[in-house]
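Protein chains: 2
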Amino acid sequence: MKAAIVTIGDEILIGQIIDTNSGYLAKALDKIGIGVHEMLSISDDKHHILNTLSSLQNKVEVVIITGGLGPTKDDITKKTLCEYTNDTLVSNDEVLTHVTQLIETNFKRPISALNREQALVPSRCEVLFNKVGTAPGMWMEKENTVFISLPGVPYEMKYIIENEVIPRLIAKYKRPYIIHKTLLTYGVGESLLAERIEEWEDNLPEFIKLAYLPSPGRVRLRLSARGTSEEVLQQALTEQIALLKPQIEDCLVGLDEGEPLEVMLGKLLTSHQLTIATAESCTGGKIATVLTAVPGASAYFKGSIVSYATEIKETVLGIPSETIQQHSVVSAEVAREMAQKVQQLLKADFVIATTGNAGPSKGEAEAEVGTVFIGIATPKKVYAEEFNFGQPREKVVDRAVNKGLELIYKEILKNYEK
Amino acid sequence: MKAAIVTIGDEILIGQIIDTNSGYLAKALDKIGIGVHEMLSISDDKHHILNTLSSLQNKVEVVIITGGLGPTKDDITKKTLCEYTNDTLVSNDEVLTHVTQLIETNFKRPISALNREQALVPSRCEVLFNKVGTAPGMWMEKENTVFISLPGVPYEMKYIIENEVIPRLIAKYKRPYIIHKTLLTYGVGESLLAERIEEWEDNLPEFIKLAYLPSPGRVRLRLSARGTSEEVLQQALTEQIALLKPQIEDCLVGLDEGEPLEVMLGKLLTSHQLTIATAESCTGGKIATVLTAVPGASAYFKGSIVSYATEIKETVLGIPSETIQQHSVVSAEVAREMAQKVQQLLKADFVIATTGNAGPSKGEAEAEVGTVFIGIATPKKVYAEEFNFGQPREKVVDRAVNKGLELIYKEILKNYEK
Numbered sequence: 001m002k003a004a005i006v007t008i009g010d011e012i013l014i015g016q017i018i019d020t021n022s023g024y025l026a027k028a029l030d031k032i033g034i035g036v037h038e039m040l041s042i043s044d045d046k047h048h049i050l051n052t053l054s055s056l057q058n059k060v061e062v063v064i065i066t067g068g069l070g071p072t073k074d075d076i077t078k079k080t081l082c083e084y085t086n087d088t089l090v091s092n093d094e095v096l097t098h099v100t101q102l103i104e105t106n107f108k109r110p111i112s113a114l115n116r117e118q119a120l121v122p123s124r125c126e127v128l129f130n131k132v133g134t135a136p137g138m139w140m141e142k143e144n145t146v147f148i149s150l151p152g153v154p155y156e157m158k159y160i161i162e163n164e165v166i167p168r169l170i171a172k173y174k175r176p177y178i179i180h181k182t183l184l185t186y187g188v189g190e191s192l193l194a195e196r197i198e199e200w201e202d203n204l205p206e207f208i209k210l211a212y213l214p215s216p217g218r219v220r221l222r223l224s225a226r227g228t229s230e231e232v233l234q235q236a237l238t239e240q241i242a243l244l245k246p247q248i249e250d251c252l253v254g255l256d257e258g259e260p261l262e263v264m265l266g267k268l269l270t271s272h273q274l275t276i277a278t279a280e281s282c283t284g285g286k287i288a289t290v291l292t293a294v295p296g297a298s299a300y301f302k303g304s305i306v307s308y309a310t311e312i313k314e315t316v317l318g319i320p321s322e323t324i325q326q327h328s329v330v331s332a333e334v335a336r337e338m339a340q341k342v343q344q345l346l347k348a349d350f351v352i353a354t355t356g357n358a359g360p361s362k363g364e365a366e367a368e369v370g371t372v373f374i375g376i377a378t379p380k381k382v383y384a385e386e387f388n389f390g391q392p393r394e395k396v397v398d399r400a401v402n403k404g405l406e407l408i409y410k411e412i413l414k415n416y417e418k
Numbered sequence: 001m002k003a004a005i006v007t008i009g010d011e012i013l014i015g016q017i018i019d020t021n022s023g024y025l026a027k028a029l030d031k032i033g034i035g036v037h038e039m040l041s042i043s044d045d046k047h048h049i050l051n052t053l054s055s056l057q058n059k060v061e062v063v064i065i066t067g068g069l070g071p072t073k074d075d076i077t078k079k080t081l082c083e084y085t086n087d088t089l090v091s092n093d094e095v096l097t098h099v100t101q102l103i104e105t106n107f108k109r110p111i112s113a114l115n116r117e118q119a120l121v122p123s124r125c126e127v128l129f130n131k132v133g134t135a136p137g138m139w140m141e142k143e144n145t146v147f148i149s150l151p152g153v154p155y156e157m158k159y160i161i162e163n164e165v166i167p168r169l170i171a172k173y174k175r176p177y178i179i180h181k182t183l184l185t186y187g188v189g190e191s192l193l194a195e196r197i198e199e200w201e202d203n204l205p206e207f208i209k210l211a212y213l214p215s216p217g218r219v220r221l222r223l224s225a226r227g228t229s230e231e232v233l234q235q236a237l238t239e240q241i242a243l244l245k246p247q248i249e250d251c252l253v254g255l256d257e258g259e260p261l262e263v264m265l266g267k268l269l270t271s272h273q274l275t276i277a278t279a280e281s282c283t284g285g286k287i288a289t290v291l292t293a294v295p296g297a298s299a300y301f302k303g304s305i306v307s308y309a310t311e312i313k314e315t316v317l318g319i320p321s322e323t324i325q326q327h328s329v330v331s332a333e334v335a336r337e338m339a340q341k342v343q344q345l346l347k348a349d350f351v352i353a354t355t356g357n358a359g360p361s362k363g364e365a366e367a368e369v370g371t372v373f374i375g376i377a378t379p380k381k382v383y384a385e386e387f388n389f390g391q392p393r394e395k396v397v398d399r400a401v402n403k404g405l406e407l408i409y410k411e412i413l414k415n416y417e418k
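Chains as they are written, first to last, in the UniProt record's numbering: chain L, 1 to 418; chain V, 1 to 418.
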């Protein structure tokens, strides 16, 4: 049971856009036991599309195609798919009604001729309803392969995958189980780790595959098991992890469940009815942005004061100007004051504060580029830590955001979970 | 003159990692006139790699392969490439010295047997020196195709591309020019825009290609010209843009130099010595985040008050609770008050305010999911507009951010540039 993912669009081939759809699709398919054999990005060119489709025909059971469904002339996916499946385009009433309503509601105008073309679909295709956009998804079969065409706009693609495609794939195919377990290790390099666990790796059963995923400072070890019995796989993985653990005890952090930290933090705050706020300078509101990207954040997130200009730290937060002059605006003292003042102003249980220099040039504070102080206020104490997150700007901000979330997460765990 | 990009690694095929290398490579190749024919992501499987290489053999001039060069057992790219080019692996002295030094310096230990294997390369390959890591890049030729193998770690791959690959490609191949010009439009949908400029589009010369790149609230029009004379291409593009401009005057923001709106806005604010701040509710600090992602933002960005909880709108901003009760927290009145209060508190010339319901469920305000009021305060006036940005949460927030930036950008243009 194999699938291929095809992305159509010149914007990807010239590097104007990074393809994030394929990664999402791979994850969604993997979850229901469908392995992705390959991913391809090709141009908006009829022959290129036709050649690609026939090269995948009968080689994989499922081909998911995204992109090229817009109403304009450069988008030719629909016509080409219709040609490939020897079909003709017909107008679909349900889609036409939906497109008409969407355009009338959002743009307060009647639909145009080009909008009308959005309702054209191959006569034998099954329409995959796109509630959140005008281009319908399409399910077409040819010999032993299903071709599924979806719009390239990420949230439209995701909507159709979740609501239309996954249920149909589950109903149509008998699939094996694929289970991944990822162990997160810190501080031991990939090659040393590999040498250390070589014997264990050599004795892994055939149906379990090991992969090393290194990134600066850490290595993730991914075990992937594939088979027909979920129970057998789970048990085999549990056994292998039990054998592995004693060998990597010094560097093992734990199992990586793949859930972002802000989601884990949100659950923790909700379950203890705690609230959080942020006092941001160099992160410019990004910690607040990340926290509020989680649905339901209003249950625990109070707000943020982004005091980017130094004067705002004085006028809005009420930090004495002497403190700033004496210690510099990028200092542990100011980070602590920011956290404490926002805790009082916004009446939050926990506060993350940041002040630093994200670069590229030195600011008024003369702190080195990359220096960030993170202040943490809890119901019991206030403290600050100094970090150097290197360069460039983007990395400094992202590392400060992650570190801030990590510090507060650990703080709450420590005080409320044990 | 065509290239293909091949990414090797199961972590991409199961969606654990998003492939950003291919986008970077495409951009780097496009810049020197090498078009990317296709991108492929395949598994760490010998036969899959061999089949992919032979399918690209003589079809493209250049194949760039990333990934699978680590020291561990799951990485088989080097051996497989060696087999494909009928070569044998030999130890390279220069690489061995470099790896030894790197390990000794960074990990304070002698090199291991696995590290030593990093210095093995096919005997006829040209080594592409990897100053920032242990896996060397390799340049191999077979018939009419060059195969370039690079490590998957992004900064190592980038180092070798910039310092070793691009100079060699420029020296080896005569390449055409590829020039892109992108026009940024706001407020007119893709299909309406396409109908309006249909005649112009139909009369574009053969060597200029038009693409529509829609994203929430805006459409970018990308013109790509390809040919042997840079001068001819530039002139033809200038002529076509001059013909197009009068037809889209109402929605054209300007030439998109690959420059996001926040960068354009930053330049505009800086050149007129104006300041900006934000008062955010449903956007949760994202407008501030986007504004401060621009280096130098401290010259014009004062800060933000993210009043996510309703009480913060009263206690910190000082909006009368009667206003909120009377009009609801998601209302034009509250959006205007938020903008005005932050303008006073933060002493900013311009303020963008947002209040709305991003979903997924209705909040306390009973406003429909997707409803957002954007308030704008300028030195002369304060106003608010109502929008419905649909669903899901992510899209509502992004559209509100873009719309807020657009409104303020136009406001400043109108008052200071004419």
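Glycine included, C-beta positions come from ideal geometry on N, C-alpha and C. Values in this document were obtained by computation on a predicted structure and should not be read as measured data.
For the C-beta of Thr80(L), not a single chain V residue is nearer than 9 Å; the gap to the nearest is close to 16 Å. Residue contact check for Ala113(L) against chain V: a CB pair falls below 8 Å. The Cβ atoms of Glu61(V) and Tyr159(V) do not sit closer than 8 Å to each other.
Contacts with chain L (Cβ-Cβ distance below 7 Å) from the stretch 246-269 of chain V involve no residue at all. Burial state of Asn203(L) is exposed, judged by a 10 Å Cβ sphere holding fewer than 16 other Cβ atoms. Beta-bridge partners of Gly375(L) (DSSP): Ala353(L), Ala384(L). Counting only runs of 4 or more residues that sit fully inside the stretch 171-221 of chain L, the alpha helix (DSSP H) segments are 190-196, 198-202, in chain order.
Against chain L, the CB of Ile18(V) has a partner CB under 8 Å away; the residue lies at that interface. Short of 7 Å from the beta carbon of Gly318(V), and not among the five residues preceding or following it, lie these beta carbons of its own chain, in chain order: Lys341.
For Arg393(L), the neighbours in chain V by C-beta distance under 7 Å run, in chain order, Pro295. Taken in chain order, the members of the stretch 56-79 of chain V whose beta-carbon sits within less than 9 Å of a beta-carbon on chain L are Gly70, Pro71, Thr72, Lys73, Asp74, Asp75. Within the stretch 233-281 of chain V, the runs of alpha helix (DSSP H) at least 4 residues long that lie entirely inside it are, in chain order, 261-271.
Chain-order list of chain V residues neighbouring Leu345(L): Ile312, Thr315, Val316, by C-beta distance under 9 Å. Shortest Cα-Cα distance from Gly133(V) to any of Leu221(V), Ile305(V), Val232(V), Gly152(V) involves Gly152(V). Among the residues of chain L, those whose CB is under 9 Å from the CB of Lys27(V) are Ile14, Gly15, Gln16, following chain order. When DSSP states are grouped into helix, strand and coil, Ile161(V) belongs to the helix group.
In the three-state DSSP reduction, Ile319(L) falls in the coil class, being neither helix nor strand. Beta-bridge analysis with DSSP links Met39(V) to Ser41(L), Ile5(V). Separation of the CB atoms of Ala4(V) and Leu40(V) is rounded to 7 Å, and the pair is thereby assigned contact status at 8 Å.
Under a 10 Å Cβ-count criterion, Ile305(L) is classified as buried, with 16 or more other Cβ atoms of the shown protein chains found around its own Cβ. When 9 Å is used as the limit between beta carbons, His180(L) is near these residues of chain V: Ile14, Gln16, in chain order. Taking 8 Å as the cut-off, the beta carbon of Asn402(V) is found no closer than this to the beta carbon of Arg124(V).
Below 8 Å, too few C-beta pairs join the stretch 256-274 of chain V and the stretch 261-275 of chain L to call them touching: fewer than three.
A straight-line Cα-Cα distance of about 22 Å links Pro122(L) and Ser43(L). Within the model, the alpha-carbon separation for Ile376(V) versus Arg222(V) is close to 31 Å.
Taking 8 Å as the cut-off, the Cβ atoms of Val146(V) and Asn92(V) do not count as close. Rounded to the nearest whole angstrom, the C-alpha separation of Ala225(L) and Tyr177(L) is 8 Å. At the C-beta level, Ala236(V) and Ile197(V) stay beyond 8 Å of one another. Taking 8 Å as the threshold, the shortest C-beta distance from Ile42(L) to chain V falls below it. If you ignore the 5 residues before and after Asn144(L), its C-beta comes within less than 6 Å of the C-beta of Asn58, all in its own chain and listed in chain order. With 16 or more neighbouring CB atoms inside 10 Å of its own CB, Glu280(L) falls in the buried class. Taking the Cα positions, Asp19(L) is about 8 Å away from Asp19(V). For the stretch 277-315 of chain L, the continuous beta strand (DSSP E) assignments of 3+ residues that do not extend past its boundaries occur at 301-306, in sequence order. By the beta-carbon neighbour count (other beta carbons within 10 angstroms, threshold 16), Ile287(V) is buried. Interface residue (Cβ-Cβ distance to chain L less than 8 Å): Asp30(V) is classified as such.
Against Asn388(V), the close residues of chain L are Thr105, Asn106, in the order they occur along the chain (beta-carbon pairs closer than 8 Å).
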